[in-house]
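The sequence shown begins at 735 in this note's numbering and counts up one residue at a time.
We treat Cβ as the ideally placed atom computed from N, Cα and C, and that holds for glycine.
Predicted model only: the values in this text are computed from it and were never measured.
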Amino acid sequence: MDNKKKDAFSKGLALRAMKDAFSKLNPKTQIENPVMFIVYIAAILTSGLFIAALCGLSDNAPGFILAVAIILWFTVLFANFAEAIAEGRGKAQADALRSAKKDIAAKRLSDMNDKYRYEQIPSAKLRKGDIVYVEAGDQIPADGEVIEGAASVDESAITGESAPVIRESGGDRSAVTGGTTITSDSLVIRVTADPGESFLDKMIAMVEGAARKKTPNELALQILLVALTIIFLLVTLSLYTFSDFGFVQAGLANTTSVTALIALLVCLAPTTIGALLSAIGIAGMSRLNQANVLAMSGRAIEAAGDVDILMLDKTGTITLGNRQASEFIPVSGITMEELADAAQLSSLADETPEGRSIVVLAKEQFGIRERNMNELNADFIPFTAKTRMSGVNYGDNEVRKGAADAVKAYILEQGGTYTMECDQIVTRIAKTGGTPLVVAKNKKVLGVIHLKDIIKKGVKEKFADLRKMGIKTIMITGDNPVTAAAIAAEAGVDDFLAEATPETKLDLIRDYQKKGHLVAMTGDGTNDAPALAQADVAVAMNTGTQAAKEAGNMVDLDSSPTKLIDVVRIGKQLLMTRGSLTTFSIANDIAKYFAIIPVLFIGLYPQLSALNIMNLATPESAILSAIIYNALIIIALIPLALKGVKYREVPARKLLSRNLLIYGLGGIVAPFIAIKVIDMILAALGLM
């Protein structure tokens, strides 16, 4: 997108927000923000007082009342504009996503064994459990799980990434999203979502704000702001009765007008943060969406800001997920070609990336190519989680390939021999972070296949940033402890859980939560789903299974484990922005006391003139300057509310001190300067 398009987009967004700001003047909408609803009522009341003054029903100057009324209406509109501009970003993103959502013809199969016999129906009529066939050039009609085939899929409509990705059956990359396009080969897909419940539908609802609910922290802060507003309302009411009594006792005419007291109430109420509170929350979710992460709730974003334990599934997150066969290491008395031949034979029916890489490595190193399996009368033994082995039986031969301890136990049970040399090779590979697979033929060890896990680029540096944030990283893997320790050291994580099962992952998360920690986890497989459901922040990879995506409360469209660092940063930034602007808003009141209180009661207590330290021109200009500043500061802070306070990788104590200095002290000093400048402008223009 060039700059011209960006400018046009920004202009269109601003115009849309202006229109929405007026539509939000509906009382039903305004009452959702209690603080600004008080300002809304005050604007209506001063408008009524202006009409009363015009009709001679009030001694107050109509021009002054009109000026106050106009400024109060602008205050309400500026607050509405702040929320509308934040919502507008989401609506623009939703419009782009909606354009990718089309009702297309779907090829529904009645018999998945015959994918060329299908009926074409509108995709809107597909239901969960239906089986569809898609081929190169077709758009995937609905969310689903690949149950047959492997193909390249263009997901740019969802992720914005132009490079196609591989989706295949039988692994952790089997989930497909409706609206994406097949670019090669074909797939048979089982539909996993009914119309209106698809991943794209959820994305549109979330980015548009329709599914956004106020978070616990946001509700707690709003309760505090409402309580403060009620206190200031009671104070203002008591000041009116007090001033009336005081002036009567002093034998003077009451110079404290209702208009001035309304202005005081609006200035003392926490209108700045009240106006921006909703925009901060919406903008936080929008920033997450711009990072290609879909949050299913605002609560998850806030929790990310407080996370101090980060659990990462190794395969597909820390590593690329495709362990590759890199070397055949035979034991004494066995040639490398003999080992490669047996390893390839046992992997011909293995559709995993590891199995395929073994076949390819044997082919590349020794030219061992396809063989006639019918002549061999081979019986393939599939891998199971229980045996942790696979293999093949043909003629009088048995070949087994699998985890070292599983193959060792199998050989010893069969009365074979397992050499010390093989143990030494296994240990050496494990210590380097590789995965050893032992190959045996006819109860005799042939050697070891070295599978390498590839660590993703930039992971170690990102983990170092997390450590600066005070977040502990834990790698979760099914590997043995030796292998896990080597990979953990290479990746730079703080701790690891080896030989992990879904139960041990779940137990580890619960254990940390019982100790008062907030736990975040990323994962992509079905076996990660229970732990993802338990974690406080659960980021599922978009390349992962449907079960993982449904269990998580966030989905990373880019499927990058390092994205969780951005999620944490955005969460912390959201909390910091809310806290900083709350501090600034409350600190603002100090200057307003000095601007308005003296002019209200100076006739009753002349000594209050000493508090007029800003030396404001007239009582009217003091009141107008304060409420003009009160309105303008909302507009001035909208960019900060949308962008967020800058987060730095420093300890929380330093961040707190820095923000208190900037927004606390700044909130005290800024209005003194601004109100004085506005007063000077009003005086120079002869308006007061």
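Which whole-angstrom value is the C-beta distance of Ala1138 and Val1160, which I expect to be below 8 Å?
4 Å
- Task: Figure out for me which residue from Gln1078, Lys1097, Pro1170 and Gly1167 has the closest Cα to the Cα of Gly1125.
- Result: Gln1078
Check your understanding: What did DSSP end up calling Met1030 once you bin it into helix, strand or coil?
Key -> Residue state, collapsed to three classes: coil.
Three-state secondary structure (DSSP) at Ile1412? helix
Check: Does DSSP put Lys753 in a helix, a strand or coil?
Finding: helix
Rounded Cβ spacing between Ala1225 and Val1193 (contact assumed at less than 8 Å) | 5 Å
Smallest Cα separation from Arg1392: which of Leu1419, Ser1319, Phe1335 and Ser1314?
It is Ser1314 whose Cα lies nearest to the Cα of Arg1392.
* Unbroken alpha helix (DSSP H) run spanning Leu1144, endpoints -> Correcting the residue type first, residue 1144 is Tyr in the shown sequence and not Leu. First-last of the alpha helix (DSSP H) with Tyr1144: Ala1138 to Glu1147.
- Mind checking which residues open and close the beta strand (DSSP E) that includes Phe1062? Gln1058 to Pro1064
query = The beta strand (DSSP E) with Arg1303 in it runs from where to where?
reply = Premise fails: Arg1303 lies in the alpha helix (DSSP H), Lys1297 to Phe1335, not in any beta strand (DSSP E).
Per-residue burial, Phe1335 [other beta carbons within 10 Å of its own, 16 or more giving buried]: Phe1335 comes out buried.
query: Start and end of the beta strand (DSSP E) containing Leu1180?
result: Lys1178 to Lys1186
Starting from Met1203, trace the alpha helix (DSSP H) both ways and give me its first and last residue.
-> Counting along the chain, Met1203 falls outside any alpha helix (DSSP H), and DSSP gives it neither H nor E.
| message | Between the alpha carbons of Ser903 and Asn814, how many angstroms are there, rounded? | response | 49 Å
Please go through the same chain and pick out, in chain order, the residues whose beta-carbon is closer than 6 Å to the beta-carbon of Leu1095, but skip the five residues on each side of it. Cβ within range, chain order: Ala1059.
- Query: For Phe784, is the classification buried or exposed, using 16 other Cβ atoms within 10 angstroms of its Cβ as the cut-off for buried?
  - Reply: buried
### Val1193 - DSSP class collapsed to helix/strand/coil
helix
Inset, instruction - Identify the continuous alpha helix (DSSP H) that holds Val1434 and give its terminal residues. - result: Given that the chain is displayed from residue 735 to residue 1422, the structure contains no residue 1434 and the question cannot be resolved.
Note to self: Whole angstroms are fine: how far does the CA of Gly985 sit from the CA of Lys753?
What the structure shows: 51 Å
- Going along the chain, which residues of its own chain have a beta-carbon closer than 7 Å to the beta-carbon of Lys1326, five neighbours each way excluded? Leaving aside the five residues that flank Lys1326 on each side, the residues in its chain whose CB is nearer than 7 Å to its CB run, in chain order, Cys1001, Leu1002, Ala1360 and Pro1405.
Review point. According to DSSP, which residues form a beta bridge with Ile804?
Key: According to DSSP, Ile804 bridges with nothing at all.
* **Proximity test, Cβ basis, 7 Å: Ile1299 and chain C** => Reference to chain C is not applicable here, since this structure consists of a single protein chain.
Provide the residue(s) that pair with Gly1257 in DSSP beta bridges, ordered along the chain. Ala1274
| task | Name, in chain order, the residues that DSSP records as bridge partners for Glu879. | result | Ala909 and Arg924
request  = Could you pull out every residue in the same chain whose Cβ sits closer than 6 Å to the Cβ of Arg1021, ignoring the five residues on either side in sequence?
outcome  = Ile1304.
* Considering only residues of the same chain and omitting the five flanking positions on each side of Phe743, which have a CB-CB separation below 6 Å? -> With a pLDDT of 43 at Phe743, under the threshold of 50, the predicted position of this residue should be treated as unreliable, and no value is reported.
Cβ neighbour criterion (16 or more within 10 Å) applied to Gly1286 | Buried, since its Cβ has 16 or more Cβ neighbours within 10 Å.
- Query: Would the beta-carbon of Arg924 fall within 7 Å of that of Ile881?
  - Reply: Between Arg924 and Ile881, the gap from beta carbon to beta carbon is short of 7 Å.
* Limits of the alpha helix (DSSP H) - the one that Gly782 falls within -> Its alpha helix (DSSP H) spans residues Pro768 to Leu788.
Validate contact between the segment 1195-1213 and the segment 1231-1248 using beta carbons, cut 8 Å, 3 pairs: yes
Close beta carbons around Asp872, own chain, < 6 Å, minus the five adjacent residues each side:
Ile916
### Task
State the beta-bridge partners of Asp1229 as determined by DSSP.
Ile1208
Alpha carbon of Lys1065 to alpha carbon of Val1173, nearest angstrom
A quick correction: the sequence has Val, not Lys, at residue 1065. The straight-line gap from Cα to Cα measures roughly 10 Å.
For Arg901, name the three-state secondary structure that DSSP assigns.
strand
Exercise. How is Ala1112 classed by DSSP in three states: helix, strand or coil?
Worked result: Coil.
| task | Determine the DSSP secondary structure at Glu931, reduced to helix, strand or coil. | result | coil
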